[in-house]
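Structure, rendered in structure tokens:
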């Protein structure tokens with residue numbers, strides 16, 4: 013069916029599809045980071061409720077290291093900051109992709125409007 | 013092929029498909045919560061078998077906090093209650109979607125019955 | 013295209029597809045249990061290397077319970093036995109599905125052999 | 013559509029598809045091992061920062077074993093070495109598949125060049 017479309021329109025459709033896939037990939041990554049942020053925030057909240065001399069371990073890979081509240085507070089806040097920055101970078105990427113998508117969609121509408129009527 | 017169907021029927025088919033996707037999404041979420049409930053129940057069962065002075069840690073994100081049986085019993089029971097409520101909310105959502113699905117399916121049968129015979 | 017096939021053959025093809033999906037589901041479950049068995053066996057091996065008074069925790073849901081080597085040895089062996097039984101049950105299921113698949117495939121070949129030649 | 017292609021070309025297309033699936037499978041496995049290596053390297057880094065008498069546990073399956081820095085350093089380095097070897101084996105596999113893919117693609121181009129022109 014699409015074989016009957018003019019090459020320009022086929023090209024625009026292919027680009028739209030590619031942008032959709034890029035948007036999808038960014039959304040998936042954003043979701044993963046949001047999940048990590050939620051997890052880290054839950055740990056931070058529990059940490060803040062703990063007494064200063066609480067026995068706390070942190071997991072890194074398959075190991076668990078005994079640590080202390082003040083050190084962990086610092087580490088987790090730093091991590092949250094870093095993840096917030098990554099999230100903002102991704103939000104900008106998403107916006108850029110969305111903008112390009114809308115632009116292309118407009119161009120496609122114009123291209124389709126210029127097609128000779130079917131059958132007629 | 014569906015291009016030959018009257019618009020009303022195409023519309024009903026699209027709605028049915030959408031409802032199926034919604035039902036799928038609710039079922040997936042239900043499955044996840046059921047998994048969490050099973051996990052929490054296993055932890056509760058193990059907790060109840062433990063002596064009151066048992067050494068128990070709970071994991072929150074990447075951290076492990078030393079805790080105590082009575083406190084954990086309370087926390088886990090509260091969590092199970094919350095998840096049970098979410099599960100009931102979802103069961104209602106599922107029912108509602110199923111009801112709407114059945115209704116639409118009936119309407120579709122009527123619409124299809126009113127179609128002029130093919131070929132003739 | 014399959015609309016041109018006689019109903020009997022269409023029916024046999026649908027059954028073959030269903031059996032394939034069932035086989036797929038059983039294989040996925042088998043893979044999950046095999047993964048759990050491997051994990052439990054690794055834990056057992058590590059346990060056997062540990063001194064009798066080693067400090068060992070076991071995780072249940074989000075909790076970690078302090079336990080002891082002899083108790084854990086017993087628990088893990090019991091678990092492995094249970095998973096082995098489940099695995100054998102699944103292997104039988106798989107065989108049964110495979111047998112039914114082969115049988116149907118033979119019947120399909122016969123049905124296809126009895127079809128009038130195309131074009132003629 | 014592909015039913016109209018000569019058998020040799022159909023065969024080459026099928027082989028290309030199979031090679032693509034093989035390449036996909038190897039890439040997925042490589043990604044998993046790379047993830048494990050990253051995890052192990054993070055644990056190693058944390059381990060190196062720890063004092064020699066640090067309290068550290070390692071997880072094996074559902075169990076956590078109390079261990080010691082020197083022993084863990086050795087274990088993790090050994091593991092990293094093993095995973096590096098597996099990664100190199102996979103990189104070679106990937107190369108081999110890619111080489112075979114390029115070769116087949118060239119052969120396909122030649123086969124397609126020898127096809128009689130469509131329509132005429």
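Residue numbers (my numbering), protein chains in the order written: chain A, 13 to 132; chain B, 13 to 132; chain C, 13 to 132; chain D, 13 to 132. All C-beta atoms in this analysis are idealised placements derived from N, C-alpha and C, irrespective of residue type, glycine included.
Environment of residue i [buried if 16+ CB atoms lie within 10 Å]
{"i": "residue 54/B", "result": "exposed"}
{"i": "residue 73/C", "result": "buried"}
{"i": "residue 40/D", "result": "exposed"}
{"i": "residue 24/C", "result": "buried"}
{"i": "residue 97/C", "result": "exposed"}
{"i": "residue 121/A", "result": "exposed"}
{"i": "residue 52/A", "result": "buried"}
{"i": "residue 57/A", "result": "exposed"}
{"i": "residue 100/A", "result": "exposed"}
{"i": "residue 127/D", "result": "exposed"}
Residue i - partner residues in DSSP beta bridges
{"i": "residue 72/A", "result": "75/A"}
Contacts that residue i makes with chain G (C-beta to C-beta distance below 9 Å)
{"i": "residue 59/B", "result": "Although the question refers to chain G, the structure presented lacks it and instead comprises the protein chains A, B, C and D."}
Euclidean distance between Cα positions of residue i and residue j
{"i": "residue 83/B", "j": "residue 50/A", "result": "23 Å"}
{"i": "residue 88/B", "j": "residue 46/A", "result": "25 Å"}
{"i": "residue 33/B", "j": "residue 113/B", "result": "11 Å"}
{"i": "residue 31/A", "j": "residue 43/A", "result": "18 Å"}
{"i": "residue 65/B", "j": "residue 78/C", "result": "11 Å"}
{"i": "residue 63/B", "j": "residue 69/B", "result": "14 Å"}
{"i": "residue 29/D", "j": "residue 125/D", "result": "20 Å"}
{"i": "residue 102/D", "j": "residue 116/D", "result": "21 Å"}
{"i": "residue 106/B", "j": "residue 18/C", "result": "38 Å"}
{"i": "residue 81/A", "j": "residue 71/B", "result": "15 Å"}
{"i": "residue 48/B", "j": "residue 95/C", "result": "21 Å"}
{"i": "residue 20/A", "j": "residue 27/A", "result": "11 Å"}
{"i": "residue 111/C", "j": "residue 35/C", "result": "11 Å"}
{"i": "residue 86/A", "j": "residue 61/B", "result": "37 Å"}
{"i": "residue 200/C", "j": "residue 75/C", "result": "Not covered by the structure: residue 200/C. The range shown for chain C is 13 to 132."}
{"i": "residue 59/B", "j": "residue 92/B", "result": "14 Å"}
{"i": "residue 22/D", "j": "residue 16/D", "result": "9 Å"}
{"i": "residue 118/C", "j": "residue 109/C", "result": "14 Å"}
{"i": "residue 37/D", "j": "residue 104/D", "result": "14 Å"}
{"i": "residue 123/A", "j": "residue 129/A", "result": "13 Å"}
{"i": "residue 90/B", "j": "residue 90/D", "result": "44 Å"}
Under the three-state DSSP convention, the category residue i falls into
{"i": "residue 19/C", "result": "helix"}
{"i": "residue 38/A", "result": "helix"}
{"i": "residue 66/D", "result": "coil"}
{"i": "residue 32/D", "result": "helix"}
{"i": "residue 119/C", "result": "helix"}
{"i": "residue 24/B", "result": "helix"}
{"i": "residue 44/B", "result": "helix"}
{"i": "residue 110/B", "result": "helix"}
{"i": "residue 14/A", "result": "Residue placement at residue 14/A is flagged as unreliable, the pLDDT there being 45, under the threshold of 50; a coordinate-derived value is accordingly withheld."}
Within the stretch 79 to 108 of chain B, ranges of the alpha helix (DSSP H) (whole runs, at least 4 residues)
none
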